[in-house]
Structure formats: C-alpha cells, structure tokens
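To keep things clear, I will list the structure first and then write my remarks on it.
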Amino acid sequence: MKELSLGELGRRLLHLIVSLFILLCVTFVIGRVMPTDPVGAIVGELADPKAYEAMRVRLGLDLPLYQQFFVYVWGLLHGDMGTAILTGNAVTKDLSQAFPATLELATLAVLISTLIGVPLGLAAGLFRDSAIDKFARVFALVGHSIPVFWFGIVGLVIFYAGLNLVGGPGRVDVFYEGLIEPTTGLMLVDSLLEGETEIFWNALSHIILPACILAYMAMAYITRMTRAFTLEQLNQDYVIAARAKGVGPVRTVISHVLPNIAVQLITVLAISYGNLLEGAVVTEIVFSWPGIGQYMTNALVIGDMNAILAATIIVGFIFMFLNFVADIAYALLDPRTREAAR
Amino acid sequence: MNYLCTRLLVGAAFAVMSFGTPAAFAETPANQLVIATSLAQVLSLDPHQATEAKANEIMANLYDRLVSTDGSGKISPQLAERWEIDDKGITFHLRKAEFASGNPVTSADVVYSITRLLKLDQAAAANLKRVGYNGGNVEKLVTAPDEKTVRIDLSGEVTSELLLYRLAMVIASVVDSKELKSHVVNDDWGNAWLRTNSAGSGPFTLNKWTPNEIVILDASKNYVAGPPKMRRVVVRHVPESQVERLMLERGDIDVASALTATDLATFTGKQGYEIQRVPTGGFYVLSMNAGKEPLSNPKVREAIAYGIDYKGMEKAIMGPYGRARTVPVPENFEFAIPSPDWKLDVAKAKALLAEAGYKDGFTLNLKTIAQTPRIDLATAIQASLSQIGVKINIMQGNGADIIAAHRARDFDLLIPQTGAYMPNVLGAMEQFSSNPDNSLKANNAGNFVWRSSWDIPELTAITAKAALEPDAKKRGALYVQMQEMFVAQKPAVLPLFERYEPIVLTSRVQGYVGHPSQTTRLEGVTKTEK
C-alpha cells in the first residue's frame, strides 16, 4: 500500500511541475509578445531614443525571445525572478511583502465563509424548501450576482462612513503605519507578537470589512455546494435507514451526512481558498489593500513583465498546490479509496 | 476536523469581537498631514531619475534646489541666497544649510548633483540636455570656485533667465554627495539606494516608501528654517475616488487629490472643506497623425477644430479639471494670445471637409488611456465629430500601451496631456512648437510634435530663436508670433483644455497652497485641532 501511494504522490507531483512549466511558457510568451512598453515606463515618456535603447539592452529585451526565456528560466531555477520595474526590488522581495497581505485577508475570509456557509448549506439541504432553504438560496444568489466593487463601496458607506463600526481603507490607521516590523507579514499576527494589542485591534477593524465582503462572495459558492451535497446524501439509502431507525435530523447530519460530504467539501473549500489567494483585485483596490492583486494590476498597467510573470507563477502554484492537497486529502479521507488501497 | 473546528471558532470569535469592540477612531493627529492620492505612477524617488508629477511633489519636500519658482512663476532663492548674471553665465552664492545627515551643503554637492543628473542620463536629464548640457560638457560648464560659490556657464543654447527656470525644477535637486557616495554600487551613482531613500536638505526626509501603498515623510531636524510643524506627512495610495471621498468625509485624510468630477462636486460649498484648483500650465491635447491621409491636410485638421464642442465638454466633463483653450499657453501667462475662433460650427466644418475633398467624411481611430477625464473626453469627441461626418472608433488602453503607440506614430487621433516645465510661454508651448527633424529616421520619440509627424520648420526655428533671445521685450514679441503661427498652421497637436489639478482640503489644514509646477512645499503647513 505504501509503495502505491508513494507512486501516486510522485505522479501527482510530476503533474504539478509539468503544469507549472506550461503555465510559465504561456505567460512568458504572452508577456513578451504583448504590445506594452516597459522601457518607456522606466525611462519616462520624454526620454530620448538613446537612453531608451540603453535601457532596453539593460533589461535584456534586445535578445531573441528563446534566449530571453532561457535567461529567465535559468534565473528562476536559482531563485531569481528578476527585478520589478515598479519598485526596483527583486520580485521575490516584493512578493514576500504583497503576498502576506493577501494571505491574511483570504484566510480570514475563508474562515468566515466556511463557518457560516457550511452550516447554512447543511440546514438548507436538511430542511429543503423551508424558509431557511429559501433564505439560503436567495442569500447565495445575491452573493454570487452582485459585483464586489459595489459591495465594497456600499460596505464602506454603511459601516465605515455611516456607522463608524470599522476602520477605513488600508491595513491600519495612518498613525500606526510603520510601527510594526514585519516578521510574518501578517499584521494581526505581527502586532500580537510585538504585544501591540492596540494596533492589533486597529488592524482587525481594518481587515474585517474586506474579509467579510470576500467571505460573502465565497460563501455563495460554499453554501450552494454544501446544500447540493447534503441533498444528494439525504436521498441515499443509508440515511433513509438511519431516519427509519429513529435517528433525529441533527444527529443524521452530524454523524452520517457530514463525514460523507467532508471529502467533496474539502475540494470546494480548497478552490474557494485558491480563488481568494489569487488576490481579489477589485477588493484590494477599493480597500487600498497592498496585496498581490493590486501588485499585479499595477504591474500590468506599466507592462512590468518580471512582476507579472512571477506573480502569475506564484498564484498558479498556489492554485495547483491547493488542488494537489485537496486530491491527497480526498485519497486519505475517502474510505473507498482507503479500502481499495488496502 | 476538530482542529479545523477550533480554528474556525477562533476566527469567528475575532470577527464577532471586532464588531463589538469600538476601534480607537480618531481624526488625523494635529501634527501629521495625511494626503490621499494615486501613487501608481511613482516609480522612483531619485530626483535625478523620476519625472512623474506625484514623485515631484514628494521630492520637492525632500530636496532643495538652487532656486525655485513661487506661485506666480517668479524665480525665488532656495539654496542660493543670491546670484549674479553676466553674459557668460550665472554665479550662485549658497546660504548656510545642512543636509538631513548633518553634512553642510557645499558647492561641491551642487556640482556633484548636476553632474550626476547628466551622467545618469535618465528622463530627468532631458530637461538640461535639451538646452545643450550633457555628460560630456558638464564638468567644464558647472564649477565650484570656492566652497560656497557655484558657477554655471551658459551652454550657448539657452539664456540665463531660462536656465534659472530649468534649475528651479525638481530634476536639479541638490543631493548630499558625501552620503550618496557611500551607497554607490556598480557605478550606479547610488541610484539603486536613492530610489527608495533620501539624501537632501529639504524640510522632510523619507522614512518609508512602499510602492502603491504609502509614502511617509518625517520632519528634518536639520532643516535650515527649523523643523516643519508637521512631524510627519503620510501620502497614502487610494486609487478609488469614491473611497477617497469617504475617507475625507470621515476625517481620515486631510487632503484628497485624484477625485473624479462627481466626487469633487459633493464638496462644493460644503462647510469644513476647501477646493483648490491648482493650475498646471499644461493641456489636454488632441494629437492628430499628420503623417497620413486625411489628417495631413490642414483643412481637415481645421474642420476637426471646428467640429469639437469645447464649451459643452467644459461644462459636462471638465468641470474643475479644465477650461477650454485652443492655444497651448495658459491665458494668464504674460504674452498669451486669446484663443482663435474655433468652436463647434458644423456647417463650417463640413464646408472645410468638402473643400478638402472629404464630403462624405471618413473613419478614424482615437486612442486614449482609460482614465478620467480623458476617457470621457474621447466619448464626447466621438459624439461631436459624428455631426460633421467623421466616424471615430475609440480604442482604450493602459498607460504603457497608449504611450508606446504614441511614440511609434501608431495612431490617427490620441489624447495626451502636457504640463508646463516653466511658467512662461516657452515652458508651456515648446513641446507644441518644436520639431527639429520630422523624418522617421530621426526617431525623436521624446518629442511631442514628432510623434504627430507634424513638420513645422519655421515654427521650430522661431521657438529656438525665442529661447535664445536675451532681451525681454523682443522675446515677448517672438512669443506672440509663435502662438499666431501655431494657430495659422492648423495644429496637429490641438490643445483642447487647460489642465487643472483640483484638490480638496479639510479646513483643519492651514497654509497649503498648491504649486502650479506640482512642487508644493509642505514646510509651512499647519493643522488646527479638531
């Protein structure tokens, strides 16, 4: 059994690497053939052609495409993703700053959405066509169909400008800016590590609204899927048998349905988490959140190819990695695959 | 699963608590100025490299120049307390001042700075290179006779007066050469370090810059006039106008720039706020590609000039952003001529098109950056020109795309914007009236007129003549002649609106006066308590 699962693991890892390489190739080619002008972005609009050409050579953009690709991959293998035009920093350094901001937001969002979405989906499935089911369906539909931009602005108007309940855009209030040395890059964690509870509460008041808005978007999907999974299980013979034996509805769900839908649910949660980690571009812009979504957007605007490539690869990697983890979890949790292996 | 549940519960607890706990909300502190703007274009804070307006605003507070311009466009002393002009050049006498590091400001620093600007040879250098200073001759022309004296000889391509204006630009900032020399890597003149740090004698020092997030300036203890009242200036990146508006209403920021016309309008006459309309000396321009039919025909260009509803657009779109003006010199500048009679006149425009042989009109592409207000201008131009039979296809793009197309002459129509580098006719107009070599081979892509393939040898010659005319009266006459000739030639770079940068301040802020060259100094700004 051990050999088998190791082999399987290896096969999936290989898949991951090949997919990443394909992603790299496609992004690189699109990036280089796109008619943007990174050189112009650096030297300025009014620079004379000589300065322009010199910068082009310095960036290595005068080399043939295959050579540029080779140089890039070689650097990548050595952990060098190039220098970002926008910041002049190594792209890896930029990402190590932008990514934790997104990670913090996405993690909080996925926690909130799971906590509300899963129970709501279960209840909706269990009490099909009841008031709670109807509510859950409308709730999910609204979350799915209203643009996040609108939600963000309205959320700010109500909770920030109107009710004074939450902090505004940015990760903390201005007078707290720069007071926390990034250790993990997660503001909530770092402020606690430094014992700055005041900053912790401030950071929390800033993150809670964007996190809730993102969570709502994700929740729409999670609720609907949980409901569908639950309904599917409730029609199974084993559930009917359990109910016939007199098992109450709540216990049915907790002891019978939940363990059986856990596997599928993990896939759903992993996908949601992956989506959130891609950097919720619009949310990050509305909330001036310095995450990976905003970083990528700005890089795109000025045609900063190193930054775009690196961010795409990281996002792609995360997505594939989460899928990979979900697959593994699937194999581990599903009694059938476990049995088959035995 | 249990572990997961625990984590979920902890997360939920946090979420609930945050709603229950009133966060410590306060207005901005009285000794900090908080400015919200878009920092998306800020790529460097090295004054000898960056040229973008927002970067200039920041750098103008980190560095001093020899001289500066005041709000009305007059040259005023900064590091140089006085100067003497002779036929051959200018002699500057430095005042006593210190860099933030504590090093004294000496003439060696000034020479080093100008040399660095020209040898680094980035976009910023173009402003001195255009008038004959370059990496090759700088050591000869810029010298330090003694520790407190700087001598700059004329290059032969500029007058002393116009040279002073160029030295008043942020590009001529004086950097701390001792400090900077310790940060040089691979002969980069310390550029890698200075992009994200400061080494100046200005009222503030750079504490932190995180691109697209925040810039924090701290008061400099060594500033010559004593540390400024604002202990800290925070410039926060808020790309979304509506959000900026909410933050201003809530008192989380003190100054808001980059608001859309709609959001700006909500502060008109509102108690507790002040709107400042800061002139830029620049224009929103309709660039036409005179290198191809039909725009190579001056009659067609004139028809287009008569086919645009300037007044209507001024009212509906520009609002606080601009004022209709079809001569590339702001109306309040000395020697500015009135706008020509170009206004929406459908019959006249159609007649001109018929004369040019385009009775049935034609189709053109209009490229523009997808940004307020230019995107709205594009739509309005489309609607306006359709009345005279010219069909417009709008092609939107991001900054890099559109600028690349502009540089490559790959457009029919395009909407760029300009700024004046000095507050006089030449500073505003030179980019509209000078194109020394229109050939494709010249590839003078940094030149605005070249990009439009508009060949104007006479106008170029007279512009060059004006730049070298030392006599103020004669120069004034040449300025008027330049503008009249520009209009007569039916410009392929048609100015539409004089450009303003509207900003909104809370009334807690005192002493903030937006500078027309985007070099607003914040040393005199104070704030009242709530």
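Here the protein sequences come in this chain order: E and U. Going by the numbering used here, the first sequence opens with residue 1, and the numbers climb by one from there. Going by the numbering used here, the second sequence opens with residue 343, and the numbers climb by one from there. Cβ atoms here follow ideal geometry from the backbone N, Cα and C, with glycine treated the same way. Note that the structure is predicted; figures quoted are calculated from it, not measured.
### Outcome for T604 of chain U when other beta-carbon atoms lying within 10 angstroms are tallied against a minimum of 16
exposed
#### Entry: Proximal residues, the stretch 74 to 94 of chain E versus chain U, C-beta separation under 9 Å
A84, I85, L86, T87, G88, N89, D94
### Task
Taking D754 of chain U as the query, report the chain E residues whose CB atoms sit under 8 Å from its CB, ordered along the chain.
What D754 of chain U touches in chain E: nothing, since even the nearest Cβ is about 17 Å away.
### Query
Roughly how many angstroms separate the alpha carbons of R587 of chain U and A598 of chain U, rounded to a whole number?
8 Å
### Task
Just mark Y238 of chain E as buried or exposed, buried being the case when its beta carbon has 16 or more other beta carbons within 10 Å.
Classification for Y238 of chain E: exposed.
### Query
Quick one: does N164 of chain E have its CB under 9 Å from some CB of chain U?
yes
### Query
Going along the chain, which residues of the stretch 142 to 160 of chain E sit with their C-beta nearer than 7 Å to a C-beta in chain U?
I153, L156, V157, Y160
### Task
Decide if the stretch 614 to 621 of chain U is in contact with the stretch 853 to 872 of chain U; the criterion is three or more beta carbon pairs, one per stretch, under 8 Å apart.
Touching, yes, given that three or more Cβ pairs across the two stretches are closer than 8 Å.
### Query
Got a sec? Which residues, its chain only, sit under 6 Å from D451 of chain U by beta carbon, not counting five neighbours each side?
V516, S519
### Message
Only counting the same chain, and skipping five residues up and downstream in sequence, which positions put a Cβ closer than 6 Å to that of A366 of chain U?
### Response
Note on A366 of chain U: pLDDT 40, under 50, position unreliable in the model; the coordinate value appears next. Nothing listed; no residue qualifies.
#### Entry: Closest Cα partner of P715 of chain U within the set U:T610, U:L810, U:R665
U:R665
#### Entry: First through last residue of the alpha helix (DSSP H) which encompasses Y238 of chain E
237 to 244
### Query
Can you give the Cα-Cα distance for S859 of chain U and G761 of chain U, rounded to whole angstroms?
8 Å
### Task
Could you tell me how far apart the beta carbons of D488 of chain U and S449 of chain U are, in whole angstroms, since I believe they sit closer than 8 Å?
7 Å
### Query
Roughly how many angstroms lie between the CA atoms of I254 of chain E and Q236 of chain E, to the nearest whole one?
15 Å
### Message
Assuming contact is defined by CB atoms lying nearer than 9 Å, are T710 of chain U and I736 of chain U in contact in what I supplied?
### Response
Yes, they are a contact pair.
### Query
Hey, which unbroken runs of the alpha helix (DSSP H) at 4 residues or more fall wholly within the stretch 431 to 476 of chain U?
For the stretch 431 to 476 of chain U, the full-length alpha helix (DSSP H) segments reaching 4 residues or more read 449 to 462, 468 to 471 along the chain.
### Query
Where are the beta strand (DSSP E) runs, 3 residues long or more, that stay fully inside the stretch 510 to 564 of chain U, in chain order?
546 to 552, 556 to 561
### Task
Measure from the alpha carbon of S380 of chain U to the alpha carbon of each residue in U:P778, U:A784, U:T433, U:V585, then state which is nearest.
U:V585
### Task
Could you list the residues in the stretch 391 to 416 of chain U with a C-beta less than 9 Å from some C-beta on chain E, going in chain order?
Q391, A392, T393, E394
### Task
Taking L105 of chain E as the reference, give the member of E:I261, E:I207, E:N323, E:E232 with the closest Cα.
Checked all of E:I261, E:I207, E:N323, E:E232; the closest Cα to L105 of chain E is E:I207.
### Query
Taking C-alpha atoms, which residue in U:E676, U:Y700, U:P799, U:N564 lies nearest to R817 of chain U?
U:E676
### Query
Which stretch, first to last residue, makes up the alpha helix (DSSP H) that contains N202 of chain E?
197 to 234
### Task
Sort E:I30, E:Q67, E:L126, E:T92 by Cα distance to G248 of chain E and report the nearest one.
For the residues E:I30, E:Q67, E:L126, E:T92, the minimum Cα distance to G248 of chain E belongs to E:L126.
### Query
Helix or strand or just coil, what does DSSP make of W425 of chain U?
Residue state, collapsed to three classes: strand.
### Query
Of all Cβ atoms in chain E, is any one closer than 9 Å to the Cβ of A442 of chain U?
no
### Query
Given 8 Å as the limit, is there contact between the stretch 623 to 633 of chain U and the stretch 834 to 853 of chain U, that is, 3 or more CB pairs closer than that?
yes
### Query
Going along the chain, which residues of its own chain have a beta-carbon closer than 6 Å to the beta-carbon of P570 of chain U, five neighbours each way excluded?
P545, A561, E865
### Query
Cα-Cα, which of E:L258, E:V57, E:I199 is closest to G121 of chain E?
E:L258
#### Entry: Cβ of K733 of chain U within 9 Å of any chain E Cβ
No, its Cβ sits nowhere closer than 9 Å to a Cβ of chain E.
### Message
Using only the alpha-carbon positions, how far apart do W531 of chain U and L309 of chain E sit?
### Response
29 Å
### Message
Check for me: the beta strand (DSSP E) holding D488 of chain U runs from which residue to which?
### Response
484 to 488
### Message
Nearest by alpha-carbon distance to A468 of chain U: which of U:H390, U:A510, U:S410 is it?
### Response
U:H390
### Query
Which value, in whole angstroms, describes the spacing of the CA atoms of T363 of chain U and V166 of chain E?
With a pLDDT of 41 at T363 of chain U, under the threshold of 50, the modelled position of that residue is not reliable, and no figure is offered here.
### Task
Report the neighbours of I285 of chain E on chain U: residues whose CB is nearer than 8 Å to its CB, in chain order.
P581, E582
### Query
Which chain E residues sit within Cβ distance under 9 Å of L588 of chain U?
I153, L156, V157, Y160, A161, G168, P169
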